[in-house]
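Q: For the sequence shown, the residue numbers in mature numbering (1 follows the signal peptide of the UniProt record, and there is no 0) are -18 to -1, 1 to 295.
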Amino acid sequence: MIFSSLIGLLLLLPQSFAFVPNSVGRTFLSPTITSLAMSEERYTIADQPARFARAKRENNQRYLDITTVYDPSLLQGKRVAVTGANRGIGLALAKELAAAGAKVIGIVRSSSPELDALNPEEVVTGIDVTDDAKCAALSSQIKGGAIDVLINNAGYFKEEVERLDTLDFPDQLKTIDICACGPLRVASSLINGGLLKEGSKIVMITSQGGSVGWREVQCPTGGDYGHHMSKAAANMMSVLLANEVRSKGIAVGVFHPGFNKTEMTAKYKEIWEIEGAVDPSVGAKRVLHETNQLSMETSGKFINCEDGLEIPW
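#1: Nearest CA to the CA of S220: which residue from A169, I253 and G175?
#2: Using the Cα positions of I285 and W196, report the straight-line distance between them to the nearest angstrom.
#3: Out of H271, C117 and L75, which one is the CA nearest neighbour of V86?
#4: Can you give me the start and stop residues for the alpha helix (DSSP H) that residue 297 sits inside?
#5: Is it a yes or a no for the stretch 51 to 66 touching the stretch 248 to 261, going by three-plus beta-carbon pairs under 8 Å?
#6: Once DSSP output is grouped into helix, strand and coil, what is the label at G235?
#7: As a quick exercise: from G108, T107, G88 and L57, pick the residue whose alpha carbon is nearest that of L100.
#8: Cα-Cα, which of K213, K283 and D130 is closest to I57?
#9: Between the stretch 33 to 50 and the stretch 156 to 176, do at least 3 Cβ pairs fall closer than 8 Å?
#10: Starting from G265, trace the beta strand (DSSP E) both ways and give me its first and last residue.
#11: In this structure, how does DSSP classify R228 when only helix, strand and coil are distinguished?
#12: What's the C-alpha gap between G59 and T244?
#13: What is the DSSP secondary structure of E245, counted as helix, strand or coil?
#14: Do you know offhand how far L177's Cα is from P262's?
#15: What's the C-alpha gap between V143 and D159?
#16: Using 8 Å as the Cβ pair cut-off and three pairs as the minimum, do the stretch 275 to 285 and the stretch 224 to 235 touch?
#17: Please classify G88: does DSSP put it in a helix, a strand, or coil?
#18: For T280, name the three-state secondary structure that DSSP assigns.
#19: Would you kindly work out how many angstroms separate the C-alpha atoms of K156 and P165, rounded to a whole number?
#20: With respect to 7 Å, is the separation between the Cβ of T188 and the closest non-hydrogen atom of the ligand COA below this value?
#21: Touch check for the stretch 120 to 130 and the stretch 173 to 193: three-plus C-beta pairs under 8 Å?
#22: Near P31, which residues of its chain fall below 6 Å by C-beta distance, leaving aside the five closest residues on each side in sequence?
#23: Locate the beta strand (DSSP E) running through V51, then write down its first and last residues.
#24: Just tell me which of M211, P294, E180 and G191 has its CA closest to the CA of S277.
#25: Please classify G191 as buried or exposed, where buried requires at least 16 neighbouring CB atoms within 10 angstroms.
#26: The alpha helix (DSSP H) with I158 in it runs from where to where?
#27: What's the gap between the Cα of Y52 and the Cα of N217?
#28: Helix or strand or just coil, what does DSSP make of V194?
#29: Between E272 and F241, which are expected to be in contact by the criterion C-beta below 8 Å, what is the C-beta distance as a whole number of angstroms?
#30: In the structure shown, what three-state DSSP assignment does L178 receive?
#31: Take L149 as the anchor and find which of S229, M246, R36 and H209 has the nearest alpha-carbon.
#32: Taking only the alpha-carbon atoms, compute the straight-line gap between A81 and G290 and give it to the nearest angstrom.
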């Protein structure tokens, strides 16, 4: 009776688990590739290689080929502001938006030849997301009127892997300021300035690295303190913002963009292939597909853009 009750309890968990040893010899609950609970298709799984392997085994086209579900025509004519649009996935987002016929507004510290070549609707330069005054004045620098979508993409990731013997507290605070406070500075400026209104969407590009519940699986030996703390803080900020602007009719998406082959993730390039890392152009389409799906009903949810499923906090 006790055994059957335990089995029943395990089946109620958001994803299936198995007791397995990790790389440091500890035993913990880890998500398995197959899952009865996953049939409900609410939560994705923490183990990135297993997630990618499962998608290939099941020929999950939503995961493997985003073009099978992504409809760029939904973005035509939309005014979309992107922070950090001058490089990386921000530039990839700007390129895809331009190709879809959206009106791109780049919000950057400085532009780039690649961004300028897109002939964006507007490029606002000199915006440092850690600068209160510059962010507060941002709304007055955007000249074309209301914004349909704000994509807070600007971020920072310390190149060196951070361990107890290499802790850099000033850098940790810098990371939190850029990744968690920065998006709030930008969003608040555009909301208070009347550019984000009922029907507008705010997309927060955070990371699965902000899931506290997944650290045992994804970081069994710890490390990279600043990065993970900043993403957890960004997730909390995003949910609080979603709650505050719900009455205004503004939806907030909290998105893990997937594993993208960018300068920022280059320190992990040895695992790009096994974990299914993709070109930023693919990552951009994934983010924009979820942006199209974002609604007041899904506002504040933590979504994995690879498969469209939720990530536990």
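Ideal placement from N, C-alpha and C gives every residue a C-beta, glycine not left out. Computed from a predicted model, the values in this text were never measured in an experiment.
A: On the basis of the coordinates in this document:
#1: Closest option to S220, Cα to Cα, is A169.
#2: 14 Å
#3: L75
#4: Given that the chain is displayed from residue -18 to residue 295, the structure contains no residue 297 and the question cannot be resolved.
#5: no
#6: strand
#7: G88
#8: Per the sequence presented here, residue 57 reads as Leu, with Ile not at that position. Of the candidates K213, K283 and D130, the one whose C-alpha sits nearest the C-alpha of L57 is D130.
#9: no
#10: Note, G265: premise wrong, no beta strand (DSSP E); alpha helix (DSSP H) at P262 to Q275.
#11: Assignment of R228 by DSSP, reduced to helix, strand and coil, places it in the helix class.
#12: 28 Å
#13: helix
#14: 28 Å
#15: Going from the Cα of V143 to the Cα of D159 covers about 19 Å.
#16: Yes, the stretch 275 to 285 touches the stretch 224 to 235.
#17: strand
#18: coil
#19: 13 Å
#20: Looking at this structure, you won't find the ligand COA or any other ligand, since it has none at all.
#21: yes
#22: I256 and E257
#23: It is not in any beta strand (DSSP E) - V51 carries neither H nor E in the DSSP assignment.
#24: E180
#25: buried
#26: F151 to I158
#27: 25 Å
#28: helix
#29: With a Cβ gap of about 15 Å, E272 and F241 do not count as contacting.
#30: coil
#31: H209
#32: 23 Å
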